[in-house]
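Okay, so here's the structure we're looking at.
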Amino acid sequence: MHHSTRELRLAAALVEAGDTVVDGFDPERYLRRLADRCVELLTARAAGVMYVDGGRSVSLTGSSGHEEMALELLRAQHDGGPCLDSYASGRPVAPVSIRAARSASRWPEFTERALRHDVVTTYAVPLRRHDQLLGALNVFVPTLPEDEPSDGGTDLQLAQLLADAGALGLRNHLTYVGCRTVTGQLQQALASRVRIEQAKGMLAERWRVPADHAFVALRSYARRRQLPLDQVVQSVIARVADDAELRREAPGPV
5 MHHSTRELRL AAALVEAGDT VVDGFDPERY LRRLADRCVE LLTARAAGVM YVDGGRSVSL
65 TGSSGHEEMA LELLRAQHDG GPCLDSYASG RPVAPVSIRA ARSASRWPEF TERALRHDVV
125 TTYAVPLRRH DQLLGALNVF VPTLPEDEPS DGGTDLQLAQ LLADAGALGL RNHLTYVGCR
185 TVTGQLQQAL ASRVRIEQAK GMLAERWRVP ADHAFVALRS YARRRQLPLD QVVQSVIARV
245 ADDAELRREA PGPV
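Note that the working numbering has the sequence shown beginning at 5, numbered continuously upward.
Structure representation (structure tokens):
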């Protein structure tokens, strides 16, 4: 089976988009690569991504080539534009002629800036994972020779495919971070429990009392002095705790 160069590059881009279960992940660099792949695979001069992080903050990223142009065109959409429309609706904005949009007074500031950069067509697709919207991807298409028409329908579908892969990569990384956080918390809790058992055993043997009595002493000592229990336990293990003060917290005669 013959595969075109474009198909192979698309496959490589999709694999790259999914490689986010790693430490040291940089969302801005990741989204810039995504925009770069759009430029490489589509008939585009530049591409930009609007990323809404958890519904709290908005970041803008442009493709490496013509980055300033992409960022300028994204910023020019504060009063309306294809990127905002796509994000608001959760649906693609099909290829639009910049001149036609300008004549119809659609997105005035954006279309004026786009014409200055010789962008003649633009389209946008949502960055989404199932029903969760993470932002939008905007593609900026330059003037083309008459014998090299742009297949807007296919390019729009490819852009959506790349945006979906990007959204999946972002969500996978967030899931990975959440799992790492929970795992770290569980490991800390387990290590703390092991230290508590060790300290209980040391005090129980030293005082010749049940281990539960030793634990009551540790807990009461920590509460009375408003100290973390693990801090008191570590001082016992290191043999720097005030033994006499601890013994006073033990229930019954020690």
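Beta carbons are placed, not taken as given, at the ideal position from N, Cα and C, and that holds for glycine.
In the structure shown, residue 61 adopts extended strand secondary structure according to DSSP, grouped into three states.
Excluding residues up to 5 positions away in sequence, 55, 56, 131, 132, 171 and 174 lie with their Cβ nearer than 7 angstroms to the Cβ of residue 138 in the same chain. Residue pairing by DSSP puts residue 137 in a beta bridge opposite 132. For residue 35 and residue 231, the gap between their C-alpha atoms comes out near 45 angstroms. Residue 232 carries a coil assignment under DSSP once its states are collapsed to helix, strand and coil. In this model, residue 24 and residue 235 are separated by some 37 angstroms (Cα to Cα). In this structure residue 128 does not touch residue 83 by the C-beta definition: roughly 16 angstroms separates them, more than the 8 angstroms allowed. The DSSP assignment places 71 to 79, 86 to 93 and 102 to 107 as complete runs of the alpha helix (DSSP H) inside the segment 35 to 115, in order along the chain (cut-off: 4 residues). Taking C-alpha positions only, residue 20 is separated from residue 45 by approximately 14 angstroms.
Here residue 31 carries a helix assignment [DSSP, helix/strand/coil]. Residue 135 sits exposed, since fewer than 16 C-beta atoms from the chains shown fall within 10 Å of its C-beta. 8 angstroms or more divides the Cβ of residue 169 from the Cβ of residue 144. The three-state reading of DSSP puts residue 24 in coil, since its state is none of H, G, I, E or B.
Its Cα nearest to that of residue 22, the residue 166 stands out among 110, 166, 195 and 77. Going by DSSP, residue 249 is part of the alpha helix (DSSP H) stretching over 247 to 252. Around the beta-carbon of residue 190, fewer than 16 other beta-carbon atoms lie within 10 Å, marking it exposed.
The shortest C-alpha to C-alpha distance from residue 52 to any of 61, 63, 39 and 62 is the one to 39.
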